[in-house]
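Report on the structure given below.
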Amino acid sequence: MNYSVDYYLTRIYERLLKMGSSGCEPIDKVMLQPLEHKGKLTRPRLVLLVHELFGPVSDEAIDVSAAIEFIHTASLVHDDIVDEADLRRGSLSSNCRFGSKTAVLIGDHLFASAFWLLTYCQRYDVLKEVTDTIRSMCQGEISQDLNLYNPYISEEDYYFNIYGKTVSLFKAACQSGALTAGAPREEVYRIGMFGDYLGYAYQIRDDIIDFVGQEKLMGKPVGSDLRNGVITLPIIRALEVSEHGEELRDLIVSREIQNDHINRAITIIGRCGAFDYAWEQALESFDRAKKIVESFPCSQGREALLEFCSEIFSVPPSPWRDGSSPGQQIWGGDISCPSPDFPGFITTWSE
620 MNYSVDYYLT RIYERLLKMG SSGCEPIDKV MLQPLEHKGK LTRPRLVLLV
670 HELFGPVSDE AIDVSAAIEF IHTASLVHDD IVDEADLRRG SLSSNCRFGS
720 KTAVLIGDHL FASAFWLLTY CQRYDVLKEV TDTIRSMCQG EISQDLNLYN
770 PYISEEDYYF NIYGKTVSLF KAACQSGALT AGAPREEVYR IGMFGDYLGY
820 AYQIRDDIID FVGQEKLMGK PVGSDLRNGV ITLPIIRALE VSEHGEELRD
870 LIVSREIQND HINRAITIIG RCGAFDYAWE QALESFDRAK KIVESFPCSQ
920 GREALLEFCS EIFSVPPSPW RDGSSPGQQI WGGDISCPSP DFPGFITTWS
970 E
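Counting from 620, one number per residue, gives the positions in the sequence shown under the working numbering.
Spelled out as structure tokens, the structure:
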């Protein structure tokens, strides 16, 4: 019988709650807190949809999908501790609600739940992919931390960081879906490349949205990356090509980044075409991801995966690409002015 993806996602979420539970209600109120808002379950959906390229969804695929989500959620819990973030998905983060000590244990419990599931279904090939991925995630985070407030970070460094932080888990989700379906090794490799390209596109898009999204929908202030010293592709490009690059560099080095500085930075980034550049890189990666999926034989699974790709990489309104002259209508004011009025376009683009 063919079930919808939503049916399987419900089963995955039920599996998450069951495996994340200790059986002790007071402890579960703490341990299950990160799972209260299940989000879009993007990575488990990738496991399922890739699995369906090669065969019908199995119970094993459900367990592996849940394990991937446990790992993703655990990484978010630990990220919030490191970043001292108060919010996650619009709600209080685990460290804000329970303190950092307890939050560390929550993240550890989620990781352990993932490993239990993978050993339970005896998918040691998937376990190897996942443990390699966790190593990459840690390396990406450490590299990013070493380059905080570094205006001289290269694009190569940026891509290394986001591979570890984001791309590697996309790849693992795709390869896990293929492995659990019994796909040939060469197909596992090919679908892993798809995960790479989709992950790069997803993260670059997210880094643009950090500057131009709605705060309410993002659950964090506009320009959070820059405030926290995380130098992303739009900033790197602006530092390289903008006539105001030195001003932006001085702002980063100062580490004193307030709202008016964010507004100024967005103006500089937008007016020099750095958002355009980053968006073009995201589109190029997305197109490569699509071409890999399109190279598979036509099937319901292939079409479902293509639809999913378009869904998570939907083209939002592009306020810096409306056909007007370079920035006059969009960014407003004279860019030579130290503190231009911010036109407030950020409410037009959100996730």
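Every residue, glycine too, gets a C-beta built ideally from N, C-alpha and C.
(message) Quick check: the Cα distance between Ser-873 and Ile-761, rounded to an integer number of angstroms?
(response) Position 254 of the sequence shown, counted from the first residue, corresponds to residue 873. Position 142 of the sequence shown, counted from the first residue, corresponds to residue 761. If you take the alpha carbons of Ser-873 and Ile-761, they lie about 22 angstroms apart.
(request) Using three-state DSSP, classify Phe-711 as helix, strand or coil. (result) To locate residue 711, count along the sequence shown from 1; it is residue 92. For the sequence presented, residue 711 should be read as Leu rather than Phe. Strand, per DSSP.
(request) Have a look at Glu-671 and Tyr-808 and give me their C-alpha separation to the nearest angstrom. (result) As a first step, residue 671 is located in the sequence shown; it is residue number 52 there, counting from the start. As a first step, residue 808 is located in the sequence shown; it is residue number 189 there, counting from the start. Taking the straight line from one Cα to the other gives about 16 angstroms.
(request) Kindly list the residues whose CB is nearer than 7 angstroms to the CB of Tyr-972, restricted to its own chain and excluding five residues on each side of it in sequence; keep chain order. (result) For the chain, the structure presents residues 620 to 970; residue 972 sits outside this window and is missing.
(request) Look at Ile-823 and Ile-781 and say whether their C-beta atoms are less than 9 angstroms apart. (result) For the purposes of this step, residue 823 is identified with residue 204 of the sequence shown, where counting begins at 1. For the purposes of this step, residue 781 is identified with residue 162 of the sequence shown, where counting begins at 1. Yes; because the gap between Cβ atoms is below 9 angstroms, this pair is in contact.
(message) With H, G and I counted as helix, E and B as strand and the rest as coil, what does DSSP make of Asn-780?
(response) Looking up residue 780 in the sequence shown gives position 161. Correct three-state label for Asn-780: helix.
(request) Return the first residue and the last residue of the alpha helix (DSSP H) that Leu-668 is part of. (result) Locating residue 668 in the sequence shown gives position 49, where the first residue counts as 1. Counting along the chain, the alpha helix (DSSP H) containing Leu-668 begins and ends at 661 to 673.
(message) Suppose the cutoff is 6 angstroms on Cβ atoms and the five residues either side in sequence are ignored; what does the same chain contact list for Val-669 look like?
(response) Here the question's residue 669 lines up with position 50 in the sequence shown. The answer, listed in chain order, is Cys-793, Gly-796, Ala-797, Ile-810.
(request) Keeping to the same chain, check which residues put their C-beta closer than 8 angstroms to that of Pro-853; ignore five residues upstream and five downstream. (result) What you label residue 853 is simply residue 234 of the sequence shown in a count that begins at 1. Cβ neighbours of Pro-853 beyond the five flanking positions: Asp-826, Ile-827, Phe-830, Ile-888, Ala-893, Phe-894, Tyr-896, Ala-897.
(request) May I have the straight-line CA-CA distance separating Gln-877 from Ala-722, to the nearest angstrom? (result) As a first step, residue 877 must be located in the sequence shown, where it is residue number 258. As a first step, residue 722 must be located in the sequence shown, where it is residue number 103. Taking the straight line from one Cα to the other gives about 29 angstroms.
(message) Among Lys-648, Ser-914, Glu-930, whose alpha-carbon lies nearest the alpha-carbon of Phe-813?
(response) Taking the first residue of the sequence shown as 1, we reach residue 813 at position 194. Ranking Lys-648, Ser-914, Glu-930 by Cα distance to Phe-813 puts Ser-914 first.
(message) Taking the beta carbon of Asp-705 as the centre, do at least 16 other beta carbons fall within 10 Å, making it buried, or is it exposed?
(response) Position 86 of the sequence shown, counted from the first residue, corresponds to residue 705. Burial call: exposed.
(message) Quick check: what's the CA-CA separation for Tyr-819 versus Phe-927?
(response) To locate residue 819, count along the sequence shown from 1; it is residue 200. To locate residue 927, count along the sequence shown from 1; it is residue 308. If I take the Cα positions, the gap works out to 16 angstroms.
(message) Beta-carbon within less than 7 angstroms of Tyr-627's beta-carbon, same chain only, minus the 5 sequence neighbours each way: which residues are those?
(response) In the sequence shown, counting from the first residue as 1, residue 627 sits at position 8. Within the same chain, Cβ atoms closer than 7 angstroms to the Cβ of Tyr-627 are found at Leu-667, Val-676, Ile-681, the five residues on either side in sequence being excluded.
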